[in-house]
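*Asks:*
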Amino acid sequence: MTLAGLVAGLILVLAVEANAVDPDTLYIRHIEGLVELAEAGSPQWMEAAVNTPLIEGDTVRTGASGKAELFLKDGSVVRVGRSSVIRIIVVEPKGVQFKLVGGTAYIVAKGSKDIPVFFDTPSAVLSVATPATVRVDVYEGAISEVSVYKGEVYAAQQKGRMPVRAGERLVLRADGSAPVLAGLRAGDDWLRWNADRDRATLAAYDATESYTYLPDELKTYSSDLDTNGQWVYTPEYNYVWVPTVITVSTWSPYRFGSWVWIRGSYVWVGYEPWGWAPYHYGRWTHHRTAGWCWVPPARGHVRWEPAQVAWVHSSRQVGWVPLAPGESYDRRKAPVIHQTNVYNVYNNVTVERSVSTARTAYKNAGVTNAVVTMERDTLLRQKAVRVNVAKTGSVPLRKVSLPANVVPARIGNAQAQPAVREKTLAPTRATGAPARG
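Here the sequence shown stands for residues 0 to 436, where the numbers follow numbering that gives the first Met the number 0.
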């Protein structure tokens, strides 16, 4: 079988159910320098944003000083170095497949049997099904290098499949010549940067405070929550998380970011560095002294949603409010785009509080700044629209402290047993609704 046949067969196996799942498996976790994204089916490049879900056909490229970190929900990481291009071939629960078109990538694979990682290069197909740390470089002339620092990977070419183990570097060419096995190269700035990221985000995350209070399905996000907030005990909801890295003093959830149309839904892409798990799982409550708090979902009741908000509508406006514990997410009330020929036109949005919420009974609707609104046509005629953000990085983040009378939780206290069980009402089929990818 040819290399092209190997790749095509793998794509077919993985992609059978890909379009039926929510985009909850892979997202952009960290960005440095210039990083751009071309959505599936779009010829246009736009500035990439953290917390953007990635699906089949999306392509990420970096500038001369750019770096990007892509995060899988099993805790695996794919980092893209400067002047590189990586394409997402398949993203679904049975496996994730990337194609490194050019440049360099660094993979920390958790070896999850549920989400194996496959990596295409011009000269081989790499598979990582066990815990491994791997660097992949693609040079001009379709020359690829696979350097393994931990674990092992398998490289498949037309003539067969061979293992590459820790301490080995495999040099591959697309012209059919025999692969060459050698020792690892000396460390460089790219390896040192990755080592720093590993220490900051991956090392001993099971010892973090967030690991103690999160359900098993969300423990891989522990380091983001520990870095950007604190846990507080409340009599009503047990342990809740309070963000301490926010934008402005009048901050509220779902106020700074973008709505992006993906697979038949507007997905919230939060501006905050912690804005993946708290915006797609669990609920929000406003504490009288601690302010806004995120209530994680109960163990066994973890479900990803495009945004944990309630949608409210008037004749000219559409608005949203964070769902409180006990309130149900209803996809049937979410807005549906009704113009499909506009790609990524971003607008500044003036937020008003004029939408009527008199007929809604949402607990958070009465909290200052909780309800965010915009003109219906501003949202519904576009595939992506920014909210209170002129461009990526335009709103400075700030570190705040908990009020003096709020005592943070400490590891060793009773583990959280959230009483909140998420409910979701099934969506109705939207006729003619476009789906990204």
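Using N, Cα and C, we set each Cβ at its ideal position, and we do this for glycine too.
For the alpha helix (DSSP H) containing SER209, list its first residue and its last residue.
*Replies:* For SER209, the enclosing alpha helix (DSSP H) begins and ends at 208-212.
*Asks:* Any heavy atom of the ligand ATP closer than 7 Å to the beta-carbon of VAL76?
*Replies:* Ligands in the displayed structure: none, and consequently the ligand ATP is not present.
*Asks:* Pairs of beta-carbons, one from the segment 363-370 and one from the segment 242-251, closer than 8 Å: are there three or more?
*Replies:* Verdict: yes, contact present.
*Asks:* Taking contact to mean 3 or more Cβ pairs, one atom from each stretch, closer than 8 Å, check whether the segment 186-193 and the segment 152-166 are in contact.
*Replies:* no
*Asks:* Classify VAL127 as buried or exposed, calling it buried when 16 or more other Cβ atoms lie within 10 Å of its own Cβ.
*Replies:* buried
*Asks:* Ends of the alpha helix (DSSP H) at TRP230?
*Replies:* First-last for TRP230: 228-233, but that is the beta strand (DSSP E), not the alpha helix (DSSP H).
*Asks:* Could you name the residues of the same chain whose beta carbon sits closer than 6 Å to that of LYS98, not counting the 5 residues immediately before and after it, in chain order?
*Replies:* ARG86, ILE88, ASP119
*Asks:* Below 8 Å CB to CB, which residues in the same chain sit around PRO234 once its five sequence neighbours on both sides are set aside?
*Replies:* If we look at PRO234 and ignore the five residues flanking it on each side, it has no Cβ neighbours.
*Asks:* Under 8 Å, do LYS437 and PRO92 count as touching if we go by C-beta distance?
*Replies:* With the chain running from 0 to 436 in the structure shown, residue 437 is simply not present.
*Asks:* Look at TRP283 and TRP293 and say whether their C-beta atoms are less than 8 Å apart.
*Replies:* yes
*Asks:* So ALA48 packs on VAL268, CB below 8 Å; how close in whole Å?
*Replies:* 6 Å
*Asks:* What is the rounded straight-line gap between the Cα of PRO52 and the Cα of TYR26?
*Replies:* 4 Å
*Asks:* Grab the span of the alpha helix (DSSP H) containing TRP189 for me, first residue to last.
*Replies:* 188-200
*Asks:* Closest to TYR238 by CA distance: which of SER222, TYR212, THR226, ARG262 is it?
*Replies:* TYR212
*Asks:* If you count every other CB in all the chains shown that lies within 10 Å of the CB of GLN43, and 16 or more means buried, which is it?
*Replies:* exposed
*Asks:* CA-CA distance, PRO162 and VAL311?
*Replies:* 55 Å
*Asks:* Straight-line CA distance for VAL259 to LEU217?
*Replies:* 23 Å
*Asks:* Helix or strand or just coil, what does DSSP make of ARG81?
*Replies:* Assigned with DSSP and collapsed to three states, ARG81 falls in coil, not helix or strand.
*Asks:* Quick one: what does DSSP say ALA67 is sitting in, helix, strand or coil?
*Replies:* strand
*Asks:* The alpha helix (DSSP H) that contains TYR105, what's its start and end?
*Replies:* Segment 94-108 is the beta strand (DSSP E) holding TYR105; no alpha helix (DSSP H) there.
*Asks:* I need the straight-line Cα distance from ASP376 to VAL320, nearest angstrom please.
*Replies:* 19 Å
*Asks:* In chain order, which alpha helix (DSSP H) runs of at least 4 residues are fully inside the segment 218-274?
*Replies:* 221-227
*Asks:* Considering just the uninterrupted stretch of the alpha helix (DSSP H) at PRO115, what are its terminal residues?
*Replies:* Segment: none, PRO115 is in no alpha helix (DSSP H) and carries neither H nor E.
*Asks:* Rounded to a whole number of angstroms, what is the C-alpha to C-alpha distance between ARG81 and TYR138?
*Replies:* If I take the Cα positions, the gap works out to 13 Å.
*Asks:* Compute the Euclidean distance between the alpha carbons of SER209 and ALA309, then round it to the nearest angstrom.
*Replies:* 26 Å
*Asks:* Please report how far the alpha carbon of PRO295 lies from the alpha carbon of HIS285, in whole angstroms.
*Replies:* 14 Å
*Asks:* So HIS279 is in the alpha helix (DSSP H); what residue range does that whole segment cover?
*Replies:* 276-279
*Asks:* Could you tell me whether the Cβ atoms of LYS66 and TRP192 are closer together than 8 Å?
*Replies:* In this structure, LYS66 places its C-beta atom within 8 Å of the C-beta atom of TRP192.
*Asks:* CA-CA distance, SER41 and GLY62?
*Replies:* 19 Å
*Asks:* Taking only the alpha-carbon atoms, compute the straight-line gap between ARG463 and HIS29 and give it to the nearest angstrom.
*Replies:* This structure cannot settle anything about residue 463, because the visible part of the chain is limited to 0 through 436.
*Asks:* Report buried or exposed for THR372, applying the criterion of at least 16 other Cβ atoms within 10 angstroms of its Cβ.
*Replies:* buried
*Asks:* Are GLY56 and SER83 close, meaning C-beta to C-beta below 8 Å?
*Replies:* no
*Asks:* Here's a check: name, in chain order, each residue in its chain whose Cβ is nearer than 7 Å to the Cβ of PRO324, leaving out the five neighbours to either side.
*Replies:* TYR236, ARG282, THR284, VAL294, VAL419
*Asks:* At what residues does the beta strand (DSSP E) containing TYR138 begin and finish?
*Replies:* 131-138
*Asks:* Per DSSP, ARG60 is paired with what?
*Replies:* GLU35, VAL84
*Asks:* Restricting to Cα atoms, I'd like to know which of GLY175, ARG172, GLY166 is closest to ALA181.
*Replies:* Of the candidates GLY175, ARG172, GLY166, the one whose C-alpha sits nearest the C-alpha of ALA181 is GLY166.
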